[in-house]
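Residue numbers (the numbering used here): 28 to 668.
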């Protein structure tokens with residue numbers, strides 16, 4: 028028989044175990060323990076603070092009930108007789124504690140050979156008792172297993188939630204200096220909490236971002252405008268189920284904007300690439316792409332989130348001859364035609380989302396699209412703009428335990444001439460994180476006489492526009508590596524207050540130095556300063572960018588080619604690299620190493636031997652230590668810019 032809890036209030040979990048005819052107490056971190064002799068046989072042990080003094084007492088269950096009061100530095104006193112428990116005979120198999128009569132102290136309910144016995148606690152409420160009910164949104168819904176830490180005058184307590192509400196004695200205190208629920212993802216403090224007898228405090232787990240992807244900002248002439256996130260399809264060690272990981276696609280192209288919202292500053296086109304979450308970015312190459320696009324033509328990246336590899340090269344595709352959308356409806360009958368016509372403020376969301384613990388997933392829904400008769404011989408291509416709510420390791424593992432959940436990735440069907448729906452043999456994919464456009468090549472894929480298209484999925488994808496084009500020749504693409512780079516401290520950005528159907532959007536110039544999480548990946552990362560040679564080529568020499576860092580990429584405007592007449596210049600960013608979150612379920616998530624390389628087996632991340640590479644850059648650049656605790660304002664002492 029064993030029981031665990033913080034018996035000496037040092038915020039560490041201690042152990043009580045049965046050893047023959049005595050209880051042995053082992054204090055975490057201390058060599059000396061305690062031994063408590065037993066007068067009767069014992070089969071199980073429970074820890075209950077029956078007098079609300081803030082110290083967990085011990086109840087030994089078996090032949091009767093034996094109680095030991097925890098007096099702090101005074102040790103434990105056998106109080107069975109004082110509590111009137113000596114008269115309780117017979118075999119007891121279970122003990123449960125709760126404030127059954129709601130008078131502010133924990134009563135006992137015993138499973139006795141003769142039936143249930145209720146022992147009312149009269150007098151424990153001479154001290155104050157705190158009752159807390161937890162509601163988890165990312166962690167389990169009941170908060171079972173969550174640690175709750177309280178600080179009050181003379182007491183600092185750490186309790187693990189085993190039932191609801193959790194009851195914590197706090198002595199004579201009527202005010203908590205702080206109350207901290209250590210959720211599995213976050214640690215959030217509540218300050219100056221008043222304790223009111225008979226009331227239960229509710230702590231709800233906030234839905235705040237901890238891991239996702241690096242952020243990209245572009246200078247628009249007035250401010251650093253948030254563009255999107257990066258490398259969401261290239262996570263390291265991110266599980267989709269136990270022992271199975273996402274196949275990383277290290278190369279990505281994202282649209283930045285055009286000359287109206289991406290403008291030079293000081294003679295340079297400036298991008299800011301930040302790591303504002305609990306992650307490490309392994310950046311190998313960056314380059315700016317520009318395309319002069321004629322009127323009536325659109326250019327989009329081919330990169331997207333795919334269910335499996337191998338991944339095709341990242342490229343651009345040009346589309347023209349748009350076919351107007353005649354009608355669109357969601358599977359619940361909602362007419363969504365107007366909402367899908369343009370990239371604007373109108374969005375189409377899933378009919379119903381899954382539980383918060385299964386974030387990123389929705390109950391299956393579909394979108395039926397009518398573009399009129401579809402020419403199966405034409406080079407038709409869908410361009411679909413939207414964003415995907417990433418689940419993350421915790422949500423993925425939770426979902427993997429639900430065998431009834433459908434395959435979430437979008438699939439596409441065409442309605443044939445006879446009215447039947449037929450699967451189209453294409454990989455639709457999904458937008459990689461925040462708002463992006465994905466393309467689906469339908470050339471030689473449609474049945475003859477196809478009338479309509481139907482897009483079905485079980486991901487939480489919010490769609491902004493779905494348009495049909497024909498593929499056309501791609502205009503020439505100009506490529507430029509950064510003229511100068513600078514890695515420095517940035518901080519953790521505030522999030523705009525937006526409706527839930529819009530992606531979380533950070534604000535570049537509103538930052539703080541303290542993150543919401545306790546643990547960050549630890550290891551040696553790139554020192555602050557220029558990283559020109561690290562991001563100049565795809566050569567496995569990586570800029571290791573930690574939480575709170577920012578990389579400035581400047582591209583000399585004077586080196587850009589002259590713009591062609593009657594065109595709009597569109598800008599894109601190519602990046603090659605990986606990103607790793609410190610989610611508990613991510614392989615090697617709490618350390619910077621092992622370092623990735625191109626050609627690695629992502630299913631064996633952390634177990635595959637590193638090949639012989641030119642790793643001289645590691646000693647030259649990786650001289651800055653981060654983690655495991657987040658660095659806050661101290662980082663500002665090493666700012667280079």
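No residue lacks a Cβ here, since even glycine has one placed at the ideal position from N, Cα and C.
Item                                                                                                                              : Value
Residue ranges of each beta strand (DSSP E) within the stretch 201 to 264, 3 or longer                                            : 202 to 209, 214 to 221, 227 to 231, 242 to 246, 251 to 256
Span separating the alpha-carbon of residue 244 from that of residue 506                                                          : 19 Å
Rounded C-alpha distance that separates residue 604 from residue 263                                                              : 10 Å
At least three beta-carbon pairs within less than 8 Å, the stretch 459 to 469 to the stretch 403 to 410                           : yes
Whether residue 415 touches residue 360 by CB criterion (9 Å)                                                                     : no
Beta-carbon contacts of residue 379 that lie in its chain and below 6 Å, excluding the five residues immediately before and after : 390
Beta-bridge partners of residue 533, as assigned by DSSP                                                                          : 522
Residue 412 in three-state terms, based on DSSP                                                                                   : strand
Whether residue 156 touches residue 224 by CB criterion (9 Å)                                                                     : yes
For residue 383, three-class secondary structure by DSSP                                                                          : helix
Coarse secondary structure for residue 399, derived from DSSP in three states                                                     : coil
Beta-carbon proximity list for residue 45, same chain, < 6 Å, skipping 5 on both sides                                            : 28, 69
Three-pair Cβ contact test at 8 Å for the stretch 295 to 303 versus the stretch 509 to 524                                        : yes
3-residue-minimum beta strand (DSSP E) runs that sit fully inside the stretch 263 to 289, ordered along the chain                 : 266 to 268, 278 to 285
Within 9 Å, strictly: CB atoms of residue 72 and residue 123                                                                      : no
Chain-order list of residues whose beta-carbon lies under 6 Å from that of residue 52 (same chain, five-residue window excluded)  : 43, 60, 61
Distance CB(residue 82)-CB(residue 93) smaller than 9 Å                                                                           : no
Any beta strand (DSSP E) of 3 or more consecutive residues that is wholly inside the stretch 118 to 176                           : 119 to 125, 134 to 139, 142 to 146, 156 to 162
Among 617, 472, 484, nearest to residue 437 - alpha-carbon criterion                                                              : 484
Euclidean distance between Cα positions of residue 16 and residue 638                                                             : No statement about residue 16 is possible, as the shown extent of the chain runs from 28 to 668 and does not include it.
Residue 285 versus residue 456 - alpha carbon distance                                                                            : 26 Å
The alpha helix (DSSP H) enclosing residue 644, as first and last residue numbers                                                 : 643 to 648
Contact the stretch 306 to 314 vs the stretch 572 to 592: 3+ CB pairs below 8 Å                                                   : yes
Whether residue 600 touches residue 257 by CB criterion (9 Å)                                                                     : yes
Chain-order list of residues whose beta-carbon lies under 7 Å from that of residue 652 (same chain, five-residue window excluded) : 551
Cβ distance (whole Å) where residue 649 is taken to contact residue 553 below 8 Å                                                 : 6 Å
When 564, 290, 597, 36 are compared against residue 322, the one with the closest alpha-carbon                                    : 597
Given 8 Å, three or more beta-carbon pairs between the stretch 275 to 282 and the stretch 324 to 334                              : yes
Own chain partners of residue 397 with C-beta closer than 6 Å, once the 5 adjacent residues on each side are dropped              : 353, 354, 479
Same chain, Cβ closer than 6 Å to residue 120, five either side skipped, listed in chain order                                    : 138
Residue span of the beta strand (DSSP E) that contains residue 583, given as start and end                                        : 576 to 583
Whether residue 501 touches residue 345 by CB criterion (9 Å)                                                                     : yes
Residue 654 vs residue 548 beta-carbon contact at 9 Å                                                                             : yes
Spatial distance of residue 402 from residue 476 (CA atoms)                                                                       : 7 Å
Length-filtered (3 minimum) beta strand (DSSP E) runs lying within the stretch 75 to 116                                          : 84 to 89, 91 to 97, 103 to 105
6 Å Cβ shell around residue 350 - same chain, five flanking residues per side excluded                                            : 398, 495
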